[in-house]
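*Asks:*
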Amino acid sequence: MSIDIQPNLVWIIPALITVTLGIISIMGFFGGNKMPVEGKTILITGASEGLGLSAAQQLSSKGANIVLVSRSTEKLQAALPLVKAAAKDPSTQRFHHIAADVSAPSYAVSLLAEVKAWNGGKAPDIVWCVAGTSTPDLFVDMDMASLRHQMDVNFYGTAEMSHAILREWLAPDAPVEQEAKHLIMTASVLALYTIPGYAPYSPSKWAMRGLADTISQEVMMYPQNVKVHVVFPGTILSPGYAREILTTPEITTILEAGDPQQTPDEVAAAAIKGLERGEYFITVAFLGSLMKWGVMGGSFRNNWIVDTVMSWIVSLIWIFVQPDLHGKIRKYGKTHGHPSMTKQQRAA
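Just so it is clear: in the sequence shown, position 9 is 92 by the working numbering, and no numbers are missing.
1) Quick one: using the 10 Å Cβ neighbour count with 16 as the cut-off for buried, is Ser321 buried or exposed?
2) Given this structure, state the Cα-to-Cα distance separating Gly416 from Arg326, to the nearest angstrom.
3) Could you spell out the range, first to last residue, of the beta strand (DSSP E) harbouring Val350?
4) Which of the three DSSP states is assigned to Lys411 in this structure?
5) Report yes if the CB atom of Ser144 is closer than 8 Å to the CB atom of Ala182, and no otherwise.
6) Under 8 Å by Cβ, that's how I've got Gln307 and Ala257 pegged, so tell me the actual separation to the nearest angstrom.
7) Could you have a look at Lys205 and say whether DSSP puts it in helix, strand or coil?
8) Determine the extent of the beta strand (DSSP E) in which Ala182 is found, giving its start and end residues.
9) If we count the other Cβ atoms within 10 Å of its Cβ and call it buried at 16 or more, is His419 buried or exposed?
10) Would the region 217-235 count as touching the region 149-167 if we require 3 or more Cβ pairs under 8 Å?
11) From this set, Pro406, Gly122, Pro207 and Val192, which residue's C-alpha is nearest Pro173's C-alpha?
12) Alpha carbon to alpha carbon, how far is Ala161 from Gly133? Give it in angstroms, no decimals.
13) Comparing alpha-carbon positions, which option in Ile127, Pro422, Ser131 and Thr128 lies nearest Pro279?
14) Are Val309 and Leu253 touching if we call contact CB-CB under 8 Å?
15) Smallest Cα separation from Tyr276: which of Glu251, Gln141, Ser131 and Trp376?
16) What's the C-alpha gap between Asn51 and Met424?
17) Starting from the N-terminal side, write out each stretch of the beta strand (DSSP E) that is 3 residues or longer and does not extend beyond the region 123-175.
18) Can you say whether Ser186 is buried or exposed, counting buried as having 16 or more other CB atoms within 10 angstroms of its CB?
19) Count the other CB atoms within 10 Å of the CB of Gly432; is the residue buried (16 or more) or exposed (fewer)?
20) At which residues does the alpha helix (DSSP H) containing Asn365 begin and terminate?
21) In angstroms with no decimal places, state the Cα-to-Cα distance between Ala242 and Cys212.
22) Report yes if the C-beta distance between His312 and Ile267 is below 8 Å; otherwise report no.
23) Whose C-alpha, out of Lys167, Lys171 and His246, is nearest the C-alpha of Leu195?
24) Could you tell me the distance, in whole angstroms, from the CA atom of Thr124 to the CA atom of Gly204?
25) In terms of alpha-carbon separation, which member of Val389, Met393 and Arg360 lies closest to Asn116?
26) Whose C-beta lies closer than 6 Å to the C-beta of Ala169 among residues of the same chain, with five residues either side of it excluded?
27) When we look at the beta-carbon of Thr335 and count the other beta-carbons within 10 Å, is it buried (16 or more) or exposed?
28) Would you report the Cα separation of Ile412 and Tyr281, rounded to the nearest angstrom?
29) For Met225, does the three-state DSSP call read helix, strand or coil?
Put into structure tokens, the structure is as follows:
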């Protein structure tokens with residue numbers, strides 16, 4: 084979202100407090116790496132390109148065994164050598180790829196069975212659900228099939244995998260180990276605050292956040308050590324984004340004009356740092372952090388002091404932000420007329 088607010092105390096205060104309390108936050112993380120990956124087996128969906136591929140390469144460079152999952156066998160075959168080339172120790176690390184459609188009902192059970200067979204009968208230690216799709220449109224103009232498809236890929240694709248892997252990790256006879264298993268979901272900053280044009284997409288990411296908040300509490304009942312994390316990227320300059328902008332409504336482009344844009348490598352690196360710090364809600368840019376602090380509610384905190392104080396401050400920031408955004412939306416409607424007619428004219 085692009086927010087045209089001149090620099091003033093509203094922005095200076097959060098920055099100063101973030102720097103000050105960030106020291107406290109860092110002191111709380113002196114316990115070391117909360118997600119060591121060397122020698123661990125990591126399954127990544129959506130791993131043939133974009134964020135998924137970058138994450139696979141960076142985790143490979145830290146010594147992990149990687150299982151790449153994507154729909155396209157051809158893309159997986161091209162991605163696998165890149166992940167192998169990044170390996171910390173090519174003589175000991177292992178790599179595999181499996182073609183699977185995450186939107187297919189119950190896909191995860193058979194996928195995990197194949198991974199276990201390849202992994203000596205053991206389930207992966209870490210699962211990172213990255214697979215997703217976005218086809219922006221205005222709600223009135225969209226086809227309901229588009230919303231259902233994006234829900235199938237983004238939400239149900241993650242939910243199916245989460246259900247299957249947690250049944251493995253939390254089974255009555257599953258081992259109880261000191262080191263945690265990690266389930267990582269990839270949402271979007273649009274699950275924190277959405278704007279016009281993302282009606283077919285944002286609901287799937289909001290639903291994912293709700294699922295994560297629920298199961299992050301449920302896993303506390305089990306003797307096994309399982310951690311849940313949610314990554315909230317913004318604009319990623321990936322092949323998926325190149326496809327996405329083909330249908331992005333003009334008003335959406337206007338509202339996002341000033342948003343930070345990051346490469347898949349940048350997002351993967353920031354996300355992995357958050358995972359290593361043990362964070363629950365992981366944002367990869369300051370704008371994402373502002374959006375997170377505004378909507379945390381009863382979700383787990385990464386740091387109680389920083390997250391609580393910043394949530395108070397962001398509540399005040401919204402006094403300025405929301406009128407700015409809403410003003411742009413109303414101005415667009417007055418200037419361009421009926422949105423559906425505008426879309427038809429562009430199509431013609």
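Glycine included, every Cβ here is placed at the ideal spot set by N, Cα and C.
*Replies:* According to the data block:
1) So Ser321 ends up on the buried side.
2) 26 Å
3) Note, Val350: premise wrong, no beta strand (DSSP E); alpha helix (DSSP H) at Pro347 to Glu359.
4) helix
5) no
6) 6 Å
7) Note: Lys205 maps to coil in three-state DSSP.
8) Phe178 to Ala182
9) exposed
10) no
11) Out of Pro406, Gly122, Pro207 and Val192, Gly122 has the C-alpha closest to the C-alpha of Pro173.
12) 13 Å
13) The shortest CA-to-CA distance from Pro279 to any of Ile127, Pro422, Ser131 and Thr128 is the one to Pro422.
14) yes
15) When each option's Cα is compared against that of Tyr276, the closest is Trp376.
16) As shown, the chain starts at 84 and ends at 431. That puts residue 51 outside it, with no answer to give.
17) 124-128 and 148-153
18) buried
19) Given a span of 84 to 431 for the chain in the structure shown, any question on residue 432 remains unanswerable.
20) Before going on, a small fix: residue 365 reads as Ile here, not Asn. Taken as a continuous stretch (DSSP letters only), Ile365 belongs to no alpha helix (DSSP H), being part of the beta strand (DSSP E) at Phe364 to Thr366.
21) About 9 Å.
22) yes
23) His246
24) 12 Å
25) Arg360
26) So the qualifying residues of the chain are Gln140, Ser143 and Ser144.
27) So Thr335 ends up on the buried side.
28) 14 Å
29) DSSP places Met225 in the coil class of the three-state scheme, outside both helix and strand.
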